[in-house]
Amino acid sequence: RAKIIQVGEKGTRFTVILCVQNLAEQGEIKVSCKIIKNIRKKNKKKNEEKEKKGTNAVDLHDFLLGINFPNNSYILLDNAKIHHASKSLIKEKRLPIKELAVKKGIILKYLPARAPMIQPAELFINNIKGFIKSKLKEFIGRKQS
Numbered sequence: 004r005a006k007i008i009q010v011g012e013k014g015t016r017f018t019v020i021l022c023v024q025n026l027a028e029q030g031e032i033k034v035s036c037k038i039i040k041n042i043r044k045k046n047k048k049k050n051e052e053k054e055k056k057g058t059n060a061v062d063l064h065d066f067l068l069g070i071n072f073p074n075n076s077y078i079l080l081d082n083a084k085i086h087h088a089s090k091s092l093i094k095e096k097r098l099p100i101k102e103l104a105v106k107k108g109i110i111l112k113y114l115p116a117r118a119p120m121i122q123p124a125e126l127f128i129n130n131i132k133g134f135i136k137s138k139l140k141e142f143i144g145r146k147q148s
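Note that the numbering used here numbers the sequence shown so that position 137 is 140, with each residue one more than the last.
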């Protein structure tokens with residue numbers, strides 16, 4: 004097995020949370036984009052640093068808090084840890100994901116493990132990420148000048 008070592012900055016990284024609402028009259032897409040800063044997190048047990056990556060349970064909680072779907076709307080989720088988060092949210096004094104969904108009248112449905120091909124959002128999330136990445140470059144360019 005070969006190891007590839009990349010030298011230098013990787014550029015701006017971001018993560019996307021996507022929700023598609025399918026209505027009889029029209030569809031609605033809600034997107035949340037988070038720029039990931041290169042934060043090093045120290046693992047005290049192993050005495051090593053590791054880069055913090057991706058979306059966490061608080062990001063998902065805030066996203067769900069911000070969407071307003073009609074009562075009894077379904078949200079289809081895969082089995083990522085953040086979709087079941089409780090402890091980390093309680094620690095942050097927030098409702099667990101399942102309790103937040105009940106409060107907002109949302110019904111959570113979980114996909115079987117390892118089945119991204121039946122998750123509708125997965126079909127076009129790369130296109131949305133490409134679009135956001137192009138706009139992000141424009142935004143960062145304007146911000147620096």
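Cβ coordinates follow ideal geometry from the N, Cα and C atoms, glycine included.
Given the structure is predicted, the values throughout are model-derived calculations rather than measurements.
Would you grab the beta carbon distance between residue i and residue j for me? Rounded to a whole angstrom, and I think it's under 8 Å.
| i | j | result |
| --- | --- | --- |
| Lys106 | Leu98 | 7 Å |
| Leu92 | Val61 | 7 Å |
| Gln122 | Asp65 | Incorrect: roughly 21 Å between the Cβ atoms, too far for contact. |
| Ile78 | Ile109 | 6 Å |
Just mark residue i as buried or exposed, buried being the case when its beta carbon has 16 or more other beta carbons within 10 Å.
| i | result |
| --- | --- |
| Leu68 | exposed |
| Ala83 | exposed |
| Ile20 | buried |
| Ala88 | buried |
How big is the Cα-Cα spacing for residue i and residue j?
| i | j | result |
| --- | --- | --- |
| Thr58 | Ile128 | 15 Å |
| Lys132 | Gln24 | 18 Å |
| Ala124 | Ser76 | 16 Å |
| Ile134 | Leu114 | Checking the sequence shown, residue 134 turns out to be Phe, not Ile. Roughly 27 Å between the two C-alpha positions. |
| Leu63 | Met120 | 21 Å |
| Lys136 | Lys101 | 31 Å |
| Leu139 | Ala116 | 32 Å |
| Glu141 | Ile70 | 27 Å |
| Cys22 | Glu95 | 24 Å |
| Ala118 | Asn130 | 20 Å |
| Thr18 | Asn74 | 28 Å |
Have a look at the options and flag the residue whose alpha-carbon is nearest the alpha-carbon of residue i.
| i | options | result |
| --- | --- | --- |
| Phe72 | Ile135, Lys94, Leu111, Lys96 | Leu111 |
- Query: Can you list, in chain order, the stretches of the beta strand (DSSP E) that have 3 or more residues and sit fully within the segment 53 to 129?
  - Reply: Complete beta strand (DSSP E) runs here, min 3: 76 to 80, 109 to 113.
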